[in-house]
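For the sequence shown, position 83 matches number 268 in the numbering used here, and the numbering has no gaps at all.
Even for Gly, the Cβ is constructed at its ideal location relative to N, Cα and C.
This structure is a prediction, so every number in the text was calculated from the model and none was measured.
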Amino acid sequence: MVYSDLRWDEILYCQQNPFLPDDNWHHQKWPIFGAILDSAIRLLDKHDESENRPPTVYHGLRDIKVDQSIFNNHGRDKCDHHFKYGTFVSTSWDKEVSLSFIGGTGCLLVIDTSEIPDSGQRLVGADVSWISKFPQESEFLIARKPTFEIKAIEFDSERNCQ
């Protein structure tokens with residue numbers, strides 16, 4: 186049953202009555218679609234053979250600079266720094282594709298898909314290029330709420346990005 190996979194806020198959102206004229210029924214489809222997409226990514230990830238999984242993927246953040254103090258735990262000594270994304274993460278195994286999304290200045294996340302963070306789970310994602318409107322972007326979609334370990338923040342002066 187699809188609804189069992191929905192988060193509580195999505196369940197409440199989906200309980201709006203589509204037959205009342207004041208409700209915006211077209212807005213209610215996104216929480217359901219999000220839950221189904223997350224389930225699909227997890228199923229594809231589970232059944233994908235490891236040799237087909239790209240070892241590294243890239244995510245370009247347009248016009249965003251990373252504050253090193255935040256990602257460095259505000260200067261406190263800590264061995265592992267983690268960042269948790271709140272939603273799906275669209276990545277590409279083609280670095281140039283992700284760099285094209287950065288814009289004037291920005292940040293390129295280099296993500297190791299084989300690494301297991303402290304949670305004991307590997308990153309969940311799937312190749313969706315076969316179903317994408319833009320297959321040339323070589324998209325690897327990461328499921329909701331992934332956690333990344335931050336190993337380094339570097340600046341590329343040639344491309345004006347982190």
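Contacts around residue i, its chain only, beta-carbon distance under 8 Å, and the 5 residues preceding and following it disregarded
i, result
"residue 298", "238, 239, 240, 241, 242, 307, 308, 310 and 325"
"residue 330", "269, 270, 271 and 272"
"residue 233", "311 and 312"
Residues bridged to residue i [DSSP beta-bridge criterion]
i, result
"residue 310", "327"
"residue 295", "243"
"residue 277", "243 and 324"
Short CB-CB distance (under 8 Å) between residue i and chain B
i, result
"residue 321", "No chain B is present in this structure, which holds just one protein chain."
Local Cβ density within 10 Å of residue i, reported as buried at 16 or more and exposed below that
i, result
"residue 322", "buried"
"residue 186", "Its pLDDT being 34, under 50, residue 186 is placed unreliably in this model, and the value from its coordinates should be taken loosely. Residue 186 comes out exposed."
"residue 315", "exposed"
"residue 223", "buried"
"residue 319", "exposed"
"residue 221", "exposed"
"residue 336", "exposed"
Contacting residues, own chain, Cβ-Cβ under 6 Å from residue i (five flanking each side not counted)
i, result
"residue 229", "311"
"residue 225", "none"
"residue 333", "268"
Neighbourhood of residue i by C-beta, 7 Å cutoff - its chain only, sequence neighbours within 5 removed
i, result
"residue 282", "322 and 323"
"residue 227", "309 and 328"
"residue 286", "245 and 247"
Straight-line gap, residue i to residue j (C-alpha atoms, nearest Å)
i, j, result
"residue 279", "residue 217", "30 Å"
"residue 214", "residue 295", "32 Å"
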